[in-house]
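In the numbering used here, the protein residues as written are 1096 to 1286. Heads up, the beta-carbon is just placed ideally off N, CA and C, and yes, glycines get one too. Below is one structure, written out as structure tokens; comments come after it.
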Amino acid sequence: MRELVYYIAVSIDGHIAAPDGAFDRFLMEGDHAPQLTEEFTDAIPGVLLDAMGVRAPLTRFDTVIMGWDTYTLDPSNPNPYPHLRQIVASSREREVHEGIEVTSDPVARVRELKAEDGAGIYLCGGGGLAGTLIEEIDRLVLKRNPLAFGDGIPLFGHAPYRPVRFDPVGVRVFGSGVVVEEYVRAPEEAA
């Protein structure tokens, strides 16, 4: 079965972006960057892959799901992940780039995707969608940055209280101060 992987940068106080959605304060350079770029090439937007002269290997992910606000972060790029099957979650009908799917029921859609053959499913944000999908997430890969935001978009949005256990499977500390924490859903939590 395919995994839904929430791979995201997060502040030490649990925010994935500023209140306005900006995420430019996260460390883009440092000793963590080359390793994560190599491991998670599939999760890099197409425009950045082109700028780097790199092709996504599609070995980790072949599908991305994102909320509407994440999809529209860069209005000049209506096709952010052309190398992946792209799904945008929205509660209302939206106009999107040709070939991008819109779903109003991300939980059901993720369950369908997991039943298909293929590589992993990349949950790239936002926090609200992650909160909706928390019980479907199989793996968390948190790029914890040495920053406190104080306010911003929470890792799981404003999801209702419902504890879901994840077991730690790896921690890597980089000289840049970035700590990559990896968790898998605890067996008793797996659907």
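- With respect to residue 1237, residue 1279 sits apart: the two C-beta atoms are not nearer than 9 Å.
- Fully enclosed beta strand (DSSP E) runs of no fewer than 3 residues occupy 1196 to 1198 and 1215 to 1220 of the segment 1184 to 1230, in order along the chain.
- For residue 1110, the uninterrupted beta strand (DSSP E) run begins and ends at 1110 to 1112, by DSSP.
- In the structure shown, the three-state DSSP call for residue 1098 is coil.
- Between residue 1189 and residue 1277, the alpha-carbon positions lie close to 34 Å from each other.
- With a threshold of 16 other beta carbon atoms within 10 Å, residue 1187 falls short and is exposed.
- For residue 1141, the secondary structure class from DSSP, reduced to helix, strand or coil, is helix.
- Look at the beta carbons and you see the segment 1215 to 1224 touching the segment 1158 to 1177: at least three pairs across the two are nearer than 8 Å.
- Note that the segment 1176 to 1187 touches the segment 1138 to 1158; at least 3 beta-carbon pairs, one per stretch, sit closer than 8 Å.
- Around the C-beta of residue 1256, fewer than 16 other C-beta atoms lie within 10 Å, and the residue is accordingly described as exposed.
- By the CB criterion at 9 Å, residue 1122 and residue 1128 fall inside the cutoff.
- Contact between residue 1211 and residue 1097 holds, with the beta-carbon distance rounding to 7 Å and staying under 8 Å.
- Residue state for residue 1123 is assigned as coil, using DSSP reduced to three classes.
- In this structure, DSSP gives residue 1115 a state outside helix and strand, which the three-state scheme calls coil.
- Per the DSSP secondary-structure output, residue 1234 pairs in a beta bridge with 1100 and 1279.
- Annotation: the continuous beta strand (DSSP E) that includes residue 1158 extends over 1156 to 1162.
- The beta-carbon distance between residue 1118 and residue 1104, rounded to whole angstroms, is 7 Å. This is short enough to meet the 8 Å contact definition.
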